[in-house]
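Inspection log for the structure reproduced underneath, given as structure tokens.
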Amino acid sequence: MKGVIKIYLFLSIFVSICYAQEKKPKFVIKWATIAPEATTWGDIINKASKEIEKKTNGDIKNIWYFGAVMGDEPDLVRKAKLGQVQGLAMLSVGLSKIAPETIVFSLPYLYNNYKEVDCVLDRAWNLIEKIFIEKGF
-5 MKGVIKIYLF LSIFVSICYA QEKKPKFVIK WATIAPEATT WGDIINKASK EIEKKTNGDI
55 KNIWYFGAVM GDEPDLVRKA KLGQVQGLAM LSVGLSKIAP ETIVFSLPYL YNNYKEVDCV
115 LDRAWNLIEK IFIEKGF
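Each residue of the sequence shown is one higher than the last, beginning at -5 in our numbering.
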């Protein structure tokens, strides 16, 4: 009987030590996207999340909901407004649900190359940011 108690005591202490050493993040950010995880987008998101966790020494943890498990993009916008998720990775359709002005960036044949796209977005970024802040994002 004493042997069983010693084993139980040892296991209790061992588990307590292991649990105590597990660092809990200071911030947990829930993200949602319609992009499937098994895609290039999913790979990029997962790599970036791991890098953020590493660079912050585990203080920030990102939890991703891939593949529209939280709904379509209009659903995601509603969930963000309710605070159910804190971040979204969306296409122009979802962005236009928040700020219709952003749909202009998706017009076909508007840009000749990615350099032009980058230039336009760089110049418009402050305005876009202002619009999203005014909309509560």
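Backbone N, C-alpha and C fix where the C-beta goes; we use that ideal spot for every residue, glycine too.
Query: Could you please give me the residues that DSSP links to Phe126 through a beta bridge?; Result: Per DSSP, none; premise fails for Phe126.
Query: Do Leu104 and Thr96 have their C-beta atoms closer together than 7 Å?; Result: no
Query: Which residue comes first and which comes last in the alpha helix (DSSP H) that contains Thr34?; Result: 34 to 49
Query: Return the Cβ separation of Val79 and Met64 in integer angstroms, given the expectation that the two are a contact with Cβ distance under 8 Å.; Result: 7 Å
Query: Taking Cβ positions, are Lys91 and Val71 nearer each other than 7 Å?; Result: yes
Query: Cα separation between Ala26 and Ala32?; Result: 15 Å
Query: Below 6 Å CB to CB, which residues in the same chain sit around Pro68 once its five sequence neighbours on both sides are set aside?; Result: Lys91
Query: Compute the beta-carbon to beta-carbon distance between Gly77 and Pro30, rounded to the nearest angstrom, for a pair I have assumed lies under 8 Å.; Result: Not really, about 25 Å apart at Cβ, beyond 8 Å.
Query: Let me check one thing: in DSSP terms, what residues is Gly65 bridge-paired to?; Result: The partner list for Gly65 (beta bridge, DSSP) is empty, contrary to what the question assumes.
Query: Locate the beta strand (DSSP E) running through Ile54, then write down its first and last residues.; Result: 54 to 59
Query: Note down the Cα distance separating Val22 from Ile46, rounded to an integer number of angstroms.; Result: 12 Å
Query: What beta strand (DSSP E) runs, 3 residues minimum, are completely inside the stretch 80 to 112?; Result: 81 to 83
Query: Leu5 by DSSP, collapsed to three states: which one?; Result: Low confidence applies to Leu5: its pLDDT is 49, below 50, so where it sits in the model is not reliable, and the reading given next is rough at best. Of the three classes helix, strand and coil, the one that applies to Leu5 here is helix, per DSSP.
Query: Relative to the alpha-carbon of Lys17, which residue among Asn51, Ile39, Lys109 has its alpha-carbon at the smallest distance?; Result: Asn51
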